[in-house]
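**Student:** Residue numbers (our numbering): 670 to 1169.
Would you mind keeping the following structure in view while I ask a few things?
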Ligand SMILES: [Zn+2]
């Protein structure tokens, strides 16, 4: 089966994640990375040709997402909320193991948010519908208060473990999650059945860099083929490209990805602090489209002047303000953790995770600062795909993670041997005496600017995965999320039960 999308914008891993659902594609990717010479593709069947083009350019696309998330306030805000969810959820997990509150607990209903909102009788019914336990004991789920809609104070300081304080934690996690939803889905940019959302602006930014990469590798014909295929097969990028094409049309331009990349850059870099929801990338895109239809555009102008003009005409923040805000937002996270978490005695998070979380978020903040410096020094280098693809040594180096959905990759070496090659094997199992790897990190050497240790990135990603597993309805089924959750609870001898 053809795989269209090997990346998938997943900011839970600080780096680049590639997902493979078939081993053939993984091998082809490996071959391409080793040779760095464009492999012949013109004679391949249509679907295979598209798959090959996707594979050879996916890295450029995903690295762009990584960089954009470090520059855009949107990226910093989502990251901040994820950390909030995580910290509260880790604290919440100690309630599960509290002998006083949960003396005989043997199962955890997930996603917890769904369970929390069930009534007493719905919960009883649920438990009654479960198959009997292997050891003959009755199902004993974690003790969770019944949901009531109220505002609770944000957590500060330690408190005794009671159902009341558990309720506060649940509200805190839920609120952080709702704030992520507000950022990722903006009802302002929905018209009838058509919806244009921030992730699509991020995708445009990634796609134009990818087009450029393909253009360098194969020339215009393959870029045309690639773009046509996306539109014809209605892949997830089709709407975004359609909307981008309309913007070009509005100013009387042919589809021009160099110009559109600049547009996407401006749209991603809005300051929420100054503009509120007008900073949302898809709102900026819609408003800029209207402005350009009125004013037209002079492509001879330097980018800085165009940007200043757009910000001034629309009365919104400048990209400089946004990038400065991003840097400040990221840098606040480790200090907040330090103040709120590490100083609290008897906190589970403080004992087990504070060090990792503070170290990693501080490294992420340094990475954002380095990106801000590089960007502000020469915005054009970043925004023009041609120069960006040639300047990767000036931007932050990501870790490169491979994920094999369900099937795993059969390796010719043991995990120890793989680690000697510099890989970090995250998830692996033995099958018929061979090592089957489900997820690993390989060294990537794009630039000397390295901040987050790959082990820390992987560890944090597992914790985010655990958060999704326990709490979220969205993303719950993803294999990396399931793995992180199931392993954690298996070790704790708690059985997660899925609430539908
Ligand atoms: Zn993407």
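The beta carbon of each residue, even a glycine, is placed where N, CA and C say it ideally should be.
Can residue 872 be considered in contact with ligand 1, in the sense that its beta carbon sits closer than 8 Å to one or more heavy atoms?
**Tutor:** Yes, the Cβ of residue 872 comes within 8 Å of a heavy atom of ligand 1.
**Student:** Express the C-alpha separation of residue 829 and residue 770 in angstroms, rounding to a whole number.
**Tutor:** 11 Å
**Student:** Let me check one thing: in DSSP terms, what residues is residue 1068 bridge-paired to?
**Tutor:** According to DSSP, residue pairing for residue 1068 in a beta bridge involves 684.
**Student:** Just to check my reading of the structure: residue 759 and residue 1017 have Cβ atoms closer than 8 Å, yes? What is that Cβ distance to the nearest angstrom?
**Tutor:** 6 Å
**Student:** Does the Cβ-Cβ distance between residue 740 and residue 1040 come in under 9 Å?
**Tutor:** yes
**Student:** Out of 1073, 1106, 745, 1069, state which residue places its alpha-carbon closest to the alpha-carbon of residue 1083.
**Tutor:** 1106
**Student:** Alpha carbon to alpha carbon, what distance is there between residue 996 and residue 1126?
**Tutor:** Taking the straight line joining both Cα atoms gives about 19 Å.
**Student:** Quick check on residue 1089: buried or exposed, where buried means 16 or more other Cβ atoms within 10 Å of its Cβ?
**Tutor:** exposed
**Student:** Tell me where the alpha helix (DSSP H) around residue 828 begins and ends.
**Tutor:** Neither: residue 828 is in no alpha helix (DSSP H) and is coded neither H nor E.
**Student:** Anyone know if the C-beta pair for residue 1140 and residue 780 falls short of 9 Å?
**Tutor:** For residue 1140 and residue 780, yes; Cβs fall inside 9 Å.
**Student:** For residue 942, which residues of its own chain have a beta-carbon under 6 Å away from its beta-carbon, when the five flanking residues on both sides are left out?
**Tutor:** 994
**Student:** Does the Cβ of residue 734 lie closer than 8 Å to at least one heavy atom of ligand 1?
**Tutor:** yes
**Student:** In the DSSP output, what is residue 1166 paired with across the bridge?
**Tutor:** 778
**Student:** Tell me, please, which residues DSSP counts as bridged to residue 926.
**Tutor:** Note: residue 926 sits in no beta bridge, so no partner.
**Student:** Would you say residue 973 and residue 1049 are within 9 Å of each other, going by their C-beta atoms?
**Tutor:** yes
**Student:** Which two residues bound the contiguous alpha helix (DSSP H) that contains residue 702?
**Tutor:** 692–704
**Student:** Would you list the one or two residues that DSSP bridges to residue 835?
**Tutor:** According to DSSP, which records beta bridges pairwise, residue 835 is partnered with nothing at all.
**Student:** For the beta strand (DSSP E) holding residue 1107, just list the boundary residues, first then last.
**Tutor:** 1103–1111
**Student:** If you draw a straight line from the C-alpha of residue 1159 to the C-alpha of residue 1151, how long is it?
**Tutor:** 12 Å
**Student:** Would you mind stating whether residue 896 and residue 734 have Cβ atoms separated by less than 9 Å?
**Tutor:** Taking 9 Å as the cut-off, the beta carbon of residue 896 is found no closer than this to the beta carbon of residue 734.
**Student:** Taking only three categories from DSSP, how would you classify residue 1098?
**Tutor:** strand
**Student:** Are the CB atoms of residue 1069 and residue 1110 nearer to each other than 9 Å?
**Tutor:** In this structure, residue 1069 places its C-beta atom within 9 Å of the C-beta atom of residue 1110.
**Student:** Hey, residue 879 and residue 694: beta-carbon distance below 9 Å or not?
**Tutor:** no
**Student:** Assuming residue 1022 is part of the alpha helix (DSSP H), what are its boundary residues?
**Tutor:** Note, residue 1022: premise wrong, no alpha helix (DSSP H); not H, not E.
**Student:** For residue 755, which residues from the same chain have a beta carbon less than 7 Å from its beta carbon, with the 5 sequence-adjacent residues on both sides left out?
**Tutor:** 1132, 1133, 1136
**Student:** Locate the alpha helix (DSSP H) running through residue 1134, then write down its first and last residues.
**Tutor:** 1123–1140
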